[in-house]
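Q: Structure provided below as structure tokens; questions to follow.
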Amino acid sequence: MKTLNDLPEPLSAPGETQPRRLRSSSVGLACMDAGALIVSWFLVVSLFGRVWGGEFFLLLPMLIIGQLGLGYLLSLYRNRYQLGSDHELRNQGMVAAVLFTGTSLAGVVPEYREDIPWLLLALLFAQALMIFGRQLIRVLRQLRLVPVSGEPVVIVGAGDLGASLVSQMMADPLSPYRPVAIVDDDSTKVRQLIHGVPVRGSTSAIAEVVASSNAAGVIVGIADAPATVFASLVQRLDSEQIWVRAVPSPLDMLSSDVGISDIRDLDVTDLIGRPAVEPESEQISQLVEGRTVLVTGAGGSIGSELCRIISRHSPRRLIMLDRDESELHSLCMSLEGRALMDSPDLVLADIRDFQALDRAFTELKPDIVVHAAALKHLPMLESYPAEGWKTNVHGSLNVLRAAQNHGVGRFVNISTDKAANPSSELGRSKFVAERFTAHFAAATGLPYVSVRFGNVLGSRGSVLISFADQIRRGGPLTVTHPDVTRFFMTIPEACLLVLRAAALGSSGQTQVLDMGEPVRIVDLAKRLMAVTGRTCPIVYTGLRAGEKLNEELFSPEELDRTSANGVSWTVDVLPLDPDAVPDPHASLDDIRRCYLSTVDSAQSPLTAASAEPVDDADARTSEPAISDSQKMPGIEVDRGAGVLGLTAQGRA
Numbered sequence: 047m048k049t050l051n052d053l054p055e056p057l058s059a060p061g062e063t064q065p066r067r068l069r070s071s072s073v074g075l076a077c078m079d080a081g082a083l084i085v086s087w088f089l090v091v092s093l094f095g096r097v098w099g100g101e102f103f104l105l106l107p108m109l110i111i112g113q114l115g116l117g118y119l120l121s122l123y124r125n126r127y128q129l130g131s132d133h134e135l136r137n138q139g140m141v142a143a144v145l146f147t148g149t150s151l152a153g154v155v156p157e158y159r160e161d162i163p164w165l166l167l168a169l170l171f172a173q174a175l176m177i178f179g180r181q182l183i184r185v186l187r188q189l190r191l192v193p194v195s196g197e198p199v200v201i202v203g204a205g206d207l208g209a210s211l212v213s214q215m216m217a218d219p220l221s222p223y224r225p226v227a228i229v230d231d232d233s234t235k236v237r238q239l240i241h242g243v244p245v246r247g248s249t250s251a252i253a254e255v256v257a258s259s260n261a262a263g264v265i266v267g268i269a270d271a272p273a274t275v276f277a278s279l280v281q282r283l284d285s286e287q288i289w290v291r292a293v294p295s296p297l298d299m300l301s302s303d304v305g306i307s308d309i310r311d312l313d314v315t316d317l318i319g320r321p322a323v324e325p326e327s328e329q330i331s332q333l334v335e336g337r338t339v340l341v342t343g344a345g346g347s348i349g350s351e352l353c354r355i356i357s358r359h360s361p362r363r364l365i366m367l368d369r370d371e372s373e374l375h376s377l378c379m380s381l382e383g384r385a386l387m388d389s390p391d392l393v394l395a396d397i398r399d400f401q402a403l404d405r406a407f408t409e410l411k412p413d414i415v416v417h418a419a420a421l422k423h424l425p426m427l428e429s430y431p432a433e434g435w436k437t438n439v440h441g442s443l444n445v446l447r448a449a450q451n452h453g454v455g456r457f458v459n460i461s462t463d464k465a466a467n468p469s470s471e472l473g474r475s476k477f478v479a480e481r482f483t484a485h486f487a488a489a490t491g492l493p494y495v496s497v498r499f500g501n502v503l504g505s506r507g508s509v510l511i512s513f514a515d516q517i518r519r520g521g522p523l524t525v526t527h528p529d530v531t532r533f534f535m536t537i538p539e540a541c542l543l544v545l546r547a548a549a550l551g552s553s554g555q556t557q558v559l560d561m562g563e564p565v566r567i568v569d570l571a572k573r574l575m576a577v578t579g580r581t582c583p584i585v586y587t588g589l590r591a592g593e594k595l596n597e598e599l600f601s602p603e604e605l606d607r608t609s610a611n612g613v614s615w616t617v618d619v620l621p622l623d624p625d626a627v628p629d630p631h632a633s634l635d636d637i638r639r640c641y642l643s644t645v646d647s648a649q650s651p652l653t654a655a656s657a658e659p660v661d662d663a664d665a666r667t668s669e670p671a672i673s674d675s676q677k678m679p680g681i682e683v684d685r686g687a688g689v690l691g692l693t694a695q696g697r698a
């Protein structure tokens with residue numbers, strides 16, 4: 047065992063040797079400038095045959111003292127600026143201007159008047175020597191620092207960020223990257239040299255530039271580059287041979303070590319090929335400010351993000367309900383930085399338990415309910431359909447009944463695109479929940495709405511997380527089918543749709559977000575490998591029971607759909623009387639028969655508008671009393687796109 051005496055001496059602090067090195071560099075630079083002045087004097091004497099008297103020996107020391115004194119004041123000899131940089135050149139010019147002015151003024155002395163022009167010429171030579179000396183030293187230093195062993199890369203973008211990136215790489219001999227070419231869509235920059243690296247063409251020629259320069263990868267040096275740039279690069283390059291990476295944003299640079307599965311490290315908009323929609327603060331504030339909002343499934347991916355967004359917009363209370371105490375603990379930590387778990391705003395309850403829900407609603411009296419709790423993994427529900435029946439069908443029914451009984455002013459049921467023309471237990475159970483929501487909307491006359499999502503990137507169990515884990519282990523990446531496609535959205539987009547639906551949705555409607563074009567899963571896998579710079583084999587496992595090759599947004603009977611805001615469609619779903627379905631503990635045969643009659647054979651809203659008549663008078667008498675705090679803001683639906691700042695294509 048080593049004692050303290052056996053341990054090696056500690057390394058000296060950097061400050062112990064650095065000042066000496068800086069001082070020697072400053073002295074050397076000062077001597078170089080003084081020498082330039084002396085050499086310039088003798089050049090003038092030699093070239094023009096001047097004969098100097100005693101004035102020469104007085105003026106030369108004065109110029110040297112002036113150069114060194116002014117240079118010190120302007121930090122030329124204090125290592126404040128990089129040698130040969132534009133900052134140093136600017137200050138050197140200021141010193142030269144002062145010396146030229148002083149020398150010119152010396153011409154008022156008769157003894158010096160004849161010599162002043164030659165003095166100025168010598169001073170001009172000296173300044174040229176000083177600048178040349180600095181640039182020569184800088185070039186020699188850079189040649190010593192040029193990386194020789196790094197991977198050859200092509201930089202996309204010849205702007206400030208791209209140029210800075212090239213400069214940093216070329217100044218680090220241990221850099222893992224060696225820039226060999228630059229591409230930029232600005233035709234005026236073609237054939238330019240940026241820190242010695244040529245601009246070889248536009249991004250449309252990226253494949254040819256990569257091939258001709260034998261580059262191993264591509265780095266995007268564009269600040270906040272749009273997702274279309276990455277999609278275009280990945281499409282033009284062989285993702286199995288050439289990787290594509292991006293310069294992280296300043297926030298990413300400040301963050302701690304980030305793992306491959308961290309969604310913030312992998313910009314999901316680069317993967318789905320379109321920009322993500324961002325929430326609109328004013329719209330959310332108008333909805334939730336001063337109101338009590340209850341979120342079921344608050345510990346889940348969507349529920350927790352909803353809670354984080356809502357909490358920033360001054361609700362009177364934010365009630366977070368979940369059956370998983372560990373998830374509530376994590377959510378509390380992310381919101382408050384502590385998790386004492388003693389807040390009355392944390393509710394541990396299962397939506398399958400109506401009595402527990404009723405007690406919570408009685409005590410907390412929410413104005414708005416966002417129902418995010420659900421079982422969502424399709425293969426599991428195919429194996430255990432009774433669990434989906436208990437949670438997604440009857441659990442949703444319990445939340446709706448509690449909301450109706452306690453006068454909740456707005457209700458948002460989070461659904462899925464798998465509820466459109468459903469082929470799985472998950473889709474059928476969520477479609478029944480949509481029909482329940484339409485029933486309670488008709489019964490209360492209040493804005494109870496459903497929202498259909500696509501696949502959410504970054505949520506627990508999502509394909510992105512699965513692929514990231516498989517890449518970390520070296521593969522293979524498992525894909526069900528080469529042509530399988532899905533609609534994708536980000537967690538913030540999903541939360542935006544929920545809150546927008548709560549603010550703008552009309553009673554009984556189901557809203558479906560315009561999620562752009564569907565994305566092939568195999569393309570998503572290749573893009574993820576390109577971004578991470580790793581190559582893994584892809585294995586096709588075949589479609590599982592209940593899975594579609596291509597997801598749908600609408601059922602065949604949902605033809606009468608509208609879009610008043612350009613960012614989502616609205617469809618009408620037939621109401622379903624809860625008394626028409628079996629109880630939570632029904633047999634599988636009864637559940638299947640119920641699905642057959644309520645889902646697979648559902649009538650079109652156009653042909654069965656009277657399938658469940660609701661008497662207006664009965665609806666008015668059964669409508670619960672709403673307090674002033676529960677009344678929702680009157681928001682015009684056709685103003686939604688303008689208020690949210692979204693385009694007609696559903697993109698920000």
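For the sequence shown, our numbering gives the first residue as 47, with consecutive numbering after it. The beta carbon of each residue, even a glycine, is placed where N, CA and C say it ideally should be.
1. Which of the three DSSP states is assigned to Ala402 in this structure?
2. Where does Pro361 fall in DSSP's three states?
3. For Met535 versus Phe513, is the C-beta spacing smaller than 8 angstroms?
4. Tell me whether Thr490 sits in a helix, a strand or coil according to DSSP, three-state version.
5. Starting from Ser496, follow its DSSP beta bridges and name the residues at the other end.
6. Measure the alpha-carbon distance for Ala419 versus Ile567 and round it to whole angstroms.
7. The beta strand (DSSP E) spanning His417 covers which residue range?
8. Taking 8 angstroms as the threshold (C-beta atoms), are Ile397 and Thr437 in contact?
9. Using CA atoms only, rank isn't needed, just tell me which of Arg546, Val243 and Asn467 is closest to Asn459.
10. What are the boundary residues of the alpha helix (DSSP H) that includes Leu211?
11. Apply the 10 Å Cβ neighbour rule to Gln181 and answer buried if 16 or more other Cβ atoms are within range, or exposed otherwise.
12. For the beta strand (DSSP E) that contains Thr342, what are its first and last residues?
13. Suppose you measure from the CA of Val445 to the CA of Arg532; what does that come to, to the nearest Å?
14. What number of angstroms, rounded off, separates the C-alpha of Ala261 from the C-alpha of Asp206?
15. Could you tell me the distance, in whole angstroms, from the CA atom of Leu122 to the CA atom of Val290?
16. Can you tell me the Cβ-Cβ gap for Lys476 and Ala465, rounded? I've got them flagged as a contact below 8 angstroms.
17. Would you say Val266 and Gly203 are within 8 angstroms of each other, going by their C-beta atoms?
18. Please list the terminal residues of the continuous alpha helix (DSSP H) segment that includes Ile431.
19. So, at 7 angstroms on beta carbons, what are the nonlocal neighbours of Pro431 in its own chain, with the 5 sequence-adjacent residues on each side left out?
20. Measure the beta-carbon distance from Thr338 to Arg362 and round it to whole angstroms, keeping in mind my assumption that it falls under 8 angstroms.
21. Assuming Arg481 contacts Leu622 (C-beta within less than 8 angstroms), just tell me the rounded distance between them.
22. Give the DSSP bridge partners of Ile356, in chain order.
23. Measuring alpha carbon to alpha carbon, tell me which residue in Leu211, Ile414 and Leu427 is nearest Tyr494.
24. Classify Ala269 as helix, strand or coil using the three-state DSSP reduction.
25. I need the straight-line Cα distance from Leu367 to Cys353, nearest angstrom please.
26. Using beta-carbon positions only, say whether Ala479 and Gly554 come within less than 8 angstroms of one another.
27. Considering only the beta carbon of each residue, do Glu197 and Leu424 sit closer than 8 angstroms?
28. Roughly how far, in whole angstroms, is the beta-carbon of Val393 from the beta-carbon of Ile365, given that I think they are within contact range, below 8 angstroms?
29. Assign Ile6 to buried or exposed, taking buried as 16 or more other Cβ atoms, counted over all protein chains shown, within 10 Å of its Cβ.
30. At which residues does the alpha helix (DSSP H) containing Gly588 begin and terminate?
31. From what residue to what residue does the beta strand (DSSP E) around Met535 run?
32. Verify whether the separation of the beta carbon atoms of Val200 and Ser259 is less than 8 angstroms.
33. What would DSSP say about Tyr223, mapped onto helix, strand or coil?
34. Within 10 Å of its beta-carbon, does Met176 have 16 or more other beta-carbons around it, so buried, or fewer, so exposed?
35. Would you kindly check if the distance between the Cβ of Ala172 and the Cβ of Leu83 is under 8 angstroms?
36. Looking only at C-alpha atoms, which of Pro522, Leu642 and Pro272 sits nearest to Asn467?
A: So, from the listed chains and residues:
1. Here residue 402 refers to the residue found at position 356 when the sequence shown is read from its first residue. Here Ala402 sits in helix by DSSP.
2. Residue mapping note: residue 361 aligns to position 315 of the sequence shown, counting from 1. Here DSSP, grouped into helix, strand and coil, assigns Pro361 to strand.
3. In the sequence shown, residue 535 corresponds to position 489, counting from 1. In the sequence shown, residue 513 corresponds to position 467, counting from 1. Annotated as distal: Met535 and Phe513, with beta-carbon spacing of 8 angstroms or more.
4. Against the sequence shown, residue 490 aligns to sequence position 444. Of the three classes helix, strand and coil, the one that applies to Thr490 here is helix, per DSSP.
5. Mapped onto the sequence shown, residue 496 falls at position 450. Per DSSP, the beta bridge partners of Ser496 are Asn459 and Thr556.
6. Position 373 of the sequence shown holds residue 419. Position 521 of the sequence shown holds residue 567. Between Ala419 and Ile567, the C-alpha separation is close to 26 angstroms.
7. Numbered from 1 along the sequence shown, position 371 holds the residue referred to as residue 417. Run containing His417: Ile414 to His417, per the beta strand (DSSP E) assignment.
8. For the purposes of this step, residue 437 is taken as the residue at position 391 of the sequence shown. For the purposes of this step, residue 397 is taken as the residue at position 351 of the sequence shown. Closer than 8 angstroms, so yes.
9. The residue given as residue 459 occupies position 413 in the sequence shown. Of Arg546, Val243 and Asn467, the residue nearest in Cα terms is Arg546.
10. For the purposes of this step, residue 211 is identified with residue 165 of the sequence shown, where counting begins at 1. Segment Asp206 to Met216, the alpha helix (DSSP H) holding Leu211.
11. Mapped onto the sequence shown, residue 181 falls at position 135. With fewer than 16 Cβ atoms within 10 Å of its Cβ, Gln181 is classed as exposed.
12. Reading the sequence shown from its first residue, position 296 is the one you call residue 342. Run containing Thr342: Thr338 to Thr342, per the beta strand (DSSP E) assignment.
13. For this step, residue 445 is matched to residue 399 along the sequence shown. For this step, residue 532 is matched to residue 486 along the sequence shown. For Val445 and Arg532, the distance between alpha carbons rounds to 30 angstroms.
14. Taking the sequence shown and counting its residues from 1, the one referred to as residue 261 is at position 215. Taking the sequence shown and counting its residues from 1, the one referred to as residue 206 is at position 160. If I take the Cα positions, the gap works out to 22 angstroms.
15. As a first step, residue 122 must be located in the sequence shown, where it is residue number 76. As a first step, residue 290 must be located in the sequence shown, where it is residue number 244. Spanning the two alpha carbons is a distance of roughly 42 angstroms.
16. On the sequence shown, position 430 is the one that residue 476 refers to. On the sequence shown, position 419 is the one that residue 465 refers to. Right, their Cβ atoms sit about 4 angstroms apart.
17. Stepping through the sequence shown from its first residue, residue 266 is reached at position 220. Stepping through the sequence shown from its first residue, residue 203 is reached at position 157. For Val266 and Gly203, yes; Cβs fall inside 8 angstroms.
18. By 1-based counting over the sequence shown, the position of residue 431 is 385. Note that residue 431 corresponds to Pro in the displayed sequence, not to Ile. Pro431 to Gly434 is the span of the alpha helix (DSSP H), which, as asked, contains Pro431.
19. What you label residue 431 is simply residue 385 of the sequence shown in a count that begins at 1. Correct list, in chain order: Glu471, Leu634 and Ile637.
20. Mapped onto the sequence shown, residue 338 falls at position 292. Mapped onto the sequence shown, residue 362 falls at position 316. About 5 angstroms separates the two Cβ atoms, so the contact holds.
21. Within the sequence shown, residue 481 is the residue found at index 435, counting from 1. Within the sequence shown, residue 622 is the residue found at index 576, counting from 1. Confirmed, about 3 angstroms.
22. Counting from 1 along the sequence shown, the entry for residue 356 is found at position 310. Ile356 is not bridged by DSSP to any residue.
23. In the sequence shown, the residue the question calls residue 494 occupies position 448. It is Ile414 whose Cα lies nearest to the Cα of Tyr494.
24. To locate residue 269, count along the sequence shown from 1; it is residue 223. Three-state DSSP puts Ala269 in coil, outside helix and strand.
25. Locating residue 367 in the sequence shown gives position 321, where the first residue counts as 1. Locating residue 353 in the sequence shown gives position 307, where the first residue counts as 1. Going by the C-alpha atoms only, they are around 11 angstroms apart.
26. For this step, residue 479 is matched to residue 433 along the sequence shown. For this step, residue 554 is matched to residue 508 along the sequence shown. No, the Cβ-Cβ distance between Ala479 and Gly554 is not below 8 angstroms.
27. In the sequence shown, residue 197 corresponds to position 151, counting from 1. In the sequence shown, residue 424 corresponds to position 378, counting from 1. With contacts defined as CB atoms closer than 8 angstroms, Glu197 and Leu424 fail to qualify as a contacting pair.
28. Locating residue 393 in the sequence shown gives position 347, where the first residue counts as 1. Locating residue 365 in the sequence shown gives position 319, where the first residue counts as 1. About 6 angstroms separates the two Cβ atoms, so the contact holds.
29. For the chain, the structure presents residues 47 to 698; residue 6 sits outside this window and is missing.
30. Start at 1 with the first residue of the sequence shown, and residue 588 comes out as number 542. In the DSSP annotation of this structure, Gly588 is not part of any alpha helix (DSSP H), being labelled neither H nor E.
31. Counted from its first residue, the sequence shown places residue 535 at position 489. Bounds of the beta strand (DSSP E) holding Met535 are Phe534 to Thr536.
32. Residue 200 sits at position 154 when you count from the first residue of the sequence shown. Residue 259 sits at position 213 when you count from the first residue of the sequence shown. It is a contact, given that the beta carbons lie within the stated cut-off.
33. Here residue 223 refers to the residue found at position 177 of the sequence shown. In this structure, Tyr223 counts as strand in the three-state DSSP scheme.
34. In the sequence shown, counting from the first residue as 1, residue 176 sits at position 130. A residue is called buried when at least 16 other Cβ atoms come within 10 angstroms of its Cβ; Met176 meets this threshold and is buried.
35. On the sequence shown, position 37 is the one that residue 83 refers to. On the sequence shown, position 126 is the one that residue 172 refers to. Cβ atoms of Leu83 and Ala172: closer than 8 angstroms.
36. Reading the sequence shown from its first residue, position 421 is the one you call residue 467. Asn467 has its Cα closest to that of Leu642, out of Pro522, Leu642 and Pro272.
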